[in-house]
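Just so you know, the UniProt record's numbering puts 326 at position 326 of the sequence shown, and the rest follows in order with no gaps.
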Amino acid sequence: MKNRDHRFTLLLLIPVVLVLVAYVLYPSLRTLIESFQNKEGWSGGNYKDFFASESRSNLQALWNSVYISLLSVFFSALIGVPLAFIFNKYEFPGRSFFSSAAILPIVLPSLVGVMAFMFLYGESGLVPNAMKDLFGLENVPFKIGGVSGILIVHAYTMYVYFYMTVSSTIRSIDPSLEEAAYNLGASRMTVFRKVTLPLLTPAIVGASLLVFMTSMASFSAPFLLAGGFRVLSLQIYFSKVNGNLSMAATQSVILSIVSISFLLFMRWYQNRRDYRMATKGIGAHRSEIKNPLLKGLMVAVGIVGVIILLLPHMTILILSLVPDGTWTYQTYPSAFNGENYLFLFTEPKIWNPVRNSLILAFLATLGNLVFGVLTSYVLVKRKFVGKNMLDIMVMLPWALPATVVGMNLVLAFNESSIFTFGHILVGTFWILPLAYFIRHIPLVVRSTNATLEQLDDSLEEVARNLGAKWFYLFRRVVLPLVMPGVMAGTLLAFVEAVGEFPTSVLLYTLGNRPISIEIMNQLRMFNMGQAAAYGMIQISLIGLVLFISNKFFGIKAERSL
Numbered sequence: 001m002k003n004r005d006h007r008f009t010l011l012l013l014i015p016v017v018l019v020l021v022a023y024v025l026y027p028s029l030r031t032l033i034e035s036f037q038n039k040e041g042w043s044g045g046n047y048k049d050f051f052a053s054e055s056r057s058n059l060q061a062l063w064n065s066v067y068i069s070l071l072s073v074f075f076s077a078l079i080g081v082p083l084a085f086i087f088n089k090y091e092f093p094g095r096s097f098f099s100s101a102a103i104l105p106i107v108l109p110s111l112v113g114v115m116a117f118m119f120l121y122g123e124s125g126l127v128p129n130a131m132k133d134l135f136g137l138e139n140v141p142f143k144i145g146g147v148s149g150i151l152i153v154h155a156y157t158m159y160v161y162f163y164m165t166v167s168s169t170i171r172s173i174d175p176s177l178e179e180a181a182y183n184l185g186a187s188r189m190t191v192f193r194k195v196t197l198p199l200l201t202p203a204i205v206g207a208s209l210l211v212f213m214t215s216m217a218s219f220s221a222p223f224l225l226a227g228g229f230r231v232l233s234l235q236i237y238f239s240k241v242n243g244n245l246s247m248a249a250t251q252s253v254i255l256s257i258v259s260i261s262f263l264l265f266m267r268w269y270q271n272r273r274d275y276r277m278a279t280k281g282i283g284a285h286r287s288e289i290k291n292p293l294l295k296g297l298m299v300a301v302g303i304v305g306v307i308i309l310l311l312p313h314m315t316i317l318i319l320s321l322v323p324d325g326t327w328t329y330q331t332y333p334s335a336f337n338g339e340n341y342l343f344l345f346t347e348p349k350i351w352n353p354v355r356n357s358l359i360l361a362f363l364a365t366l367g368n369l370v371f372g373v374l375t376s377y378v379l380v381k382r383k384f385v386g387k388n389m390l391d392i393m394v395m396l397p398w399a400l401p402a403t404v405v406g407m408n409l410v411l412a413f414n415e416s417s418i419f420t421f422g423h424i425l426v427g428t429f430w431i432l433p434l435a436y437f438i439r440h441i442p443l444v445v446r447s448t449n450a451t452l453e454q455l456d457d458s459l460e461e462v463a464r465n466l467g468a469k470w471f472y473l474f475r476r477v478v479l480p481l482v483m484p485g486v487m488a489g490t491l492l493a494f495v496e497a498v499g500e501f502p503t504s505v506l507l508y509t510l511g512n513r514p515i516s517i518e519i520m521n522q523l524r525m526f527n528m529g530q531a532a533a534y535g536m537i538q539i540s541l542i543g544l545v546l547f548i549s550n551k552f553f554g555i556k557a558e559r560s561l
């Protein structure tokens, strides 16, 4: 019986290990090997060139990436953590609506969000020019760009990580812990510092990891807002475009080392102490704000906050109604109609990027669904040697920046290999769904793991004792019970694939270009209206998926993170 169980585990492991070795480990190793090669052969010359004092652009890009990521963590926490406290600790009119509106940035793809901020707050943006005209100024009072522009966009799009994770933890904290501290004479600051903050540490560490690694991999904001300001993700792109693949590989390795080092440091910091609660009390309760002045202030701030959050979405919607060629030298758009949407749904060439994005995301997500569920089941429910190593390989695409994943695939599959069945994948349709699939493996595995770990093993044992075959048991017993977790990761993987830009810009071809690439192309041709129309399609697709997940599967966005 034990031998048969061992053979069955091995049978399940084989496809999982083959996929991870072929499409995660092998491309990463190829990049590492390529980074040690140059015209002279095998050497460390690329690393010497990278760190040489003459090569200031690379060193500056590395430093810029690190400090922008650290500042992004700081500003995102500065917004997200207080919001989590306000909406989960206090009750006031409109609280439920304001707390739901706080996750609006999650439906804004990175490239579309940057585009919205350009149109809103750039030098020719609507808000600076409106203030200039309103107050009769000679020049716009402000404009975003460079470091400040990147940080503003990052703070807007990434504070949601802190807001959601901290909110979830606050709701699970037993209020009796804080009440006991108050009864012992502790002040509010002492209770927060000694009781609440330690319990929030795992959530804050997790959100910090997400923000830091997302910021390190950020491509859209530096690409459109930075001007001459360089970050390492952009350096990789420029090296690849210029044909210097060895230096691109070196830059990818260094970017990976920084990201993984921060991951390991934060994990070490989190594991220094045990943050579990020993009580089993009820969840946190909200205190009602009774002061009329303070209550009115909270409502007013909430309304202003919602307007600020909605401005990027509304800007994209309004600009999508501006016909191409009607907004050139004018300060504000003056003509509006549905021409851009008419072209989208009637002109095959304009519709193709939308069709490509849907096909690419569907294929990648289907692969994530099948592979993610199988991998999660093996990791959680089967015992075998090397489980920790397999878990690390599964999470590697999450630890690596998107630009690095793209470069790994460029270097691994620009020639035929056994893993591509003798074909060259770079330059073909299939390279993008493969990239999306690899990038989002951890999303499905991690969300399914959480559900599988709560599944009692006795359910499977009972079904086996009744003579059920494994596949029948898995299909009729295990899968229905873990479906909420599976769908949470799968839908998030689809949403991410629809808006994916950094890997797309490195791997796309003319025939498979997705929406994000077409938005970039339209911006280059100054077709602002058509670019915004594509952006609205992306926003609508993401919003529809999140609505369906909540309405029909009971999965909220915060459970997917």
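For each residue, glycine too, the CB sits at the ideal point set by N, CA and C.
Taking C-beta atoms under 8 Å as the contact rule, Leu225 and Gly125 fail to qualify, at a distance of about 12 Å.
In the three-state reduction of the DSSP assignment, Gln330 falls in the coil class, being assigned neither a helical nor a strand state. Straight-line spacing of the CA atoms in Gly243 and Ala207 works out to 36 Å.
The beta-carbon distance between Phe50 and Ile254, rounded to whole angstroms, is 7 Å. This is short enough to meet the 8 Å contact definition. For Leu62 against Leu311, the beta-carbon gap comes to about 34 Å, at or over 8 Å, which does not count as contact. Note that the C-beta distance between Ser246 and Asn38 is below 8 Å. When the alpha-carbon of Leu452 is set against those of Val373, Leu104 and Val404, the nearest one is in Val373. Shortest Cα-Cα distance from Ala532 to any of Lys240, Met314 and Thr214 involves Met314. Under the 8 Å Cβ criterion, the region 335 to 353 counts as touching the region 510 to 517, having at least three qualifying pairs. Looking at the backbone, the Cα of Val195 and that of Met189 are separated by about 10 Å. A distance below 8 Å separates the beta carbons of Arg230 and Gln60.
For Trp398, the three-state secondary structure derived from DSSP is helix. Under DSSP, Glu518 forms no beta bridge with any residue. Under the DSSP definition of a beta bridge, Glu91 partners with Glu288.
In the structure shown, Thr509 falls within a coil segment according to DSSP collapsed to helix, strand and coil.
A distance of 8 Å or more separates the beta carbons of Ala435 and Leu411. Contact between Ile441 and Pro397 holds, with the beta-carbon distance rounding to 6 Å and staying under 8 Å.
Here DSSP, grouped into helix, strand and coil, assigns Trp430 to coil. Across the set Gly305, Pro348 and Phe192, the C-alpha of Gly305 shows the shortest separation from the C-alpha of Arg95.
Put simply, of Leu25, Ile257, Gly113 and Val73 the residue whose alpha carbon is nearest the alpha carbon of Ser215 is Val73. When the five nearest sequence neighbours on each side are left out, the beta carbons in the same chain lying within less than 7 Å of the beta carbon of Thr375 are those of Val16, Val394 and Val445, in order along the chain. Relative to Ile144, the option among Thr169, Ile539, Glu138 and Met118 whose CA is nearest is Met118.
Linking Phe142 to Asn88 through their CA atoms gives a straight-line distance of about 35 Å. The C-alpha of Pro93 is placed about 8 Å away from the C-alpha of Met298.
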